[in-house]
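What follows is one structure encoded as structure tokens, with my remarks underneath.
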Amino acid sequence: MKWYHLLTYGCQMNELDSEKMAGMLEENGWEKAENLEKADLIILNTCCVRAKAEDKVKGKLGQLKKLKIEKPDLLIGIGGCMMQQENVGQKFLQQFPFVDFIFGPHTMDRLNEIVEKSCTGRVLEIEADRFDVPRLPIKRESSFRAWVSIIKGCENFCSYCIVPYVRGREVSRPLEEIIDEVKEHVENGGKEVVLLGQNVNAYGRDSGRVDFARLLERTDRVPGLERLRFMTSHPRDFPLELVQALVEMPRVCEHLHLPIQAGSNRILQKMNRGYTREDYLKLVEFIREKIPGASITTDIIVGFPGETDSDFADTMDVVEKARFASAFTFLYSPREGTPAARYSEQVPHSIKRKRLDYLMSRQNQISLEYNQALIGKMEEVLVEGPSKKDSEFYMGRTRTNRPVIFSGPAEKGALKPVKITSCNAHTLYGDLQEDSAHE
Ligand code: 5AD
Ligand code: SF4
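Numbering (the numbering used here), first residue to last: 871 to 1309.
In structure tokens, the structure reads:
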């Protein structure tokens, strides 16, 4: 038996890529090892969107170096976005002599070949962008939820972001291939599908055939599918007509992730986002009007170069007005090669930190109030399994993607009615109700 272990950093796209790597390895006779010590092959699937993600990878490599001394036959490989940055693969090969192979998102489909080659010598296999999206086997982590990639790459070039440089041009997958993958998932007992892309709303723009709204309509009609989600959407590319169209799609969940990034028009322009705070708030208002109970979540960057107290106050103002169910908040992290990294007015770390702490504490209060409004309500929960913290309880998610901890028992993948009894800012707690009460 040959054992592999994958370590994944970063976004859902990387999670999905790791599921594909696992799929390829298992087709080639490898089996998943539950821990690092058991593994004969360890692969790090890296992220480079912020410096913190890179630091984590470097920290892990320190630990792997020791493992390799104890077990010289161990193969260690690094893939993912960080390796796709200019000359980074080459640098890593020199800096970490115990690493056997390096590859990138555009050579991932050759993983088995690369592993094989690395048994006889070190391998560096990085390629420039490519314009086909090979269909790969997928070993899904979840039996009921599937990530389904619909478009690769990003051409938005937000001035802070490294993604367009490492993930390349936008290439949409053919509609029928996506629908086949969704059908296959449902036939295997799947309940939920999350359509994935750096900017899903750009779907079809490259091929000019079918657009995102049409893809959603088709997916929504796949028999047996219970829940349909998508991420990430660019607010600039989210027309009000699309919101209207979502109302007619019963499987589409009442949750939209719409990264605003900043609330100051001056900063939004410097970020190259292509919308104003007014455009964004209008979209939020329209969603709230058309989709009652919708949960809107966002990403916010604090401390973009040149951000003043007044710009930050504008961000806080949007946070107060939009009332996000939750927000991912980040300190701006300069990324080499992006325009913003070269801007002269970098904000000192202490100011960034202070602003982030303030934003987080205010958002936590809003998230808490959002959750409190659900107390006493009945929610449909898709059961994910026993709770990680306390196996006497179960964990699942509402259609609005809020995590719920509830008294069981309940079968993984089942849809159950749960009455919400209490909450904190991030989690709802509740009691399982009899199914008949739900019908
Ligand atoms: N610094 C901080 N946050 C960033 N993001 C992207 N690039 C950076 C950066 N350089 C954030 C954005 C994006 C999320 C995935 O990561 O908010 O939506
Ligand atoms: Fe990065 Fe902007 Fe593309 Fe999102 S839309 S991946 S933030 S460049």
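By construction, the Cβ of each residue, glycine as well, lies at the ideal position given by its N, Cα and C atoms.
Collapsed DSSP secondary structure at residue i in the structure displayed
i: L886; result: helix
i: I1290; result: strand
i: T1199; result: strand
i: P1209; result: helix
i: D1310; result: Only positions 871 to 1309 of the chain appear in the structure, and residue 1310 is not among them; the question remains open.
i: T843; result: One cannot answer for residue 843 here, as it falls past the ends of the chain, which runs 871 to 1309.
i: E956; result: coil
i: S1214; result: coil
i: E1062; result: strand
i: M894; result: helix
i: I1157; result: helix
i: M1186; result: helix
i: V1052; result: helix
i: Q933; result: helix
i: V1092; result: coil
i: Y1145; result: coil
i: A1307; result: For A1307, the predicted structure reports a pLDDT of 45, less than 50, and the residue's modelled location is therefore unreliable. A value from the coordinates is still provided. Note: A1307 maps to helix in three-state DSSP.
i: N1069; result: coil
i: R1079; result: coil
i: K1282; result: coil
i: K908; result: coil
i: K926; result: helix
i: K941; result: coil
i: D1181; result: helix
i: A1243; result: coil
i: R1136; result: helix
i: T1270; result: coil
i: R1232; result: helix
i: S920; result: Correcting the residue identity first, residue 920 is Arg in this sequence and not Ser. DSSP places R920 in coil when its eight states are reduced to three.
i: R1084; result: helix
i: K1222; result: helix
Counterpart residues of residue i in DSSP-defined beta bridges
i: N915; result: T878, G949
i: L1302; result: V1288
i: H1104; result: Bridge partners of H1104: none, in fact.
i: Y1150; result: According to DSSP, which records beta bridges pairwise, Y1150 is partnered with nothing at all.
i: M1265; result: G1255, I1275
i: S1165; result: H1125
i: L1098; result: V1063, V1122
i: K872; result: W900
i: I1170; result: Q1131, T1199
i: E1249; result: V1288
Residue i beta carbon near the ligand NAD (any heavy atom closer than 8 Å)
i: Q1131; result: Only the ligand 5AD and the ligand SF4 can be found as ligands here, which leaves the ligand NAD out of the picture.
Residue-level contact to chain D via CB, residue i, 9 Å cutoff
i: V1154; result: In the displayed structure, chain D is absent; only one protein chain is listed.
For residue j and residue i, believed in contact at Cβ under 8 Å, the rounded distance
i: L1098; j: L1045; result: In fact, because the Cβ distance is near 15 Å, the residues do not count as touching under 8 Å.
i: N1026; j: H1104; result: 7 Å
i: E885; j: W1017; result: 7 Å
i: V1274; j: E1249; result: 7 Å
i: G1313; j: N915; result: A query on residue 1313 cannot be resolved here, the shown segment of the chain reaching from 871 to 1309 and no further.
i: V1003; j: R1043; result: 5 Å
i: R1269; j: C1123; result: 4 Å
i: E1040; j: A1083; result: 17 Å between Cβ atoms; not a contact.
Going along the chain, which residues put their C-beta within less than 6 Å of some heavy atom in the ligand SF4?
C1024, N1026, F1027, C1028, C1031, V1033, P1034, Q1068, N1069, H1104
Suppose only complete runs of 3+ residues qualify. What are the beta strand (DSSP E) ranges in the region 959 to 1044, listed by chain order?
971 to 973, 993 to 995, 1015 to 1019
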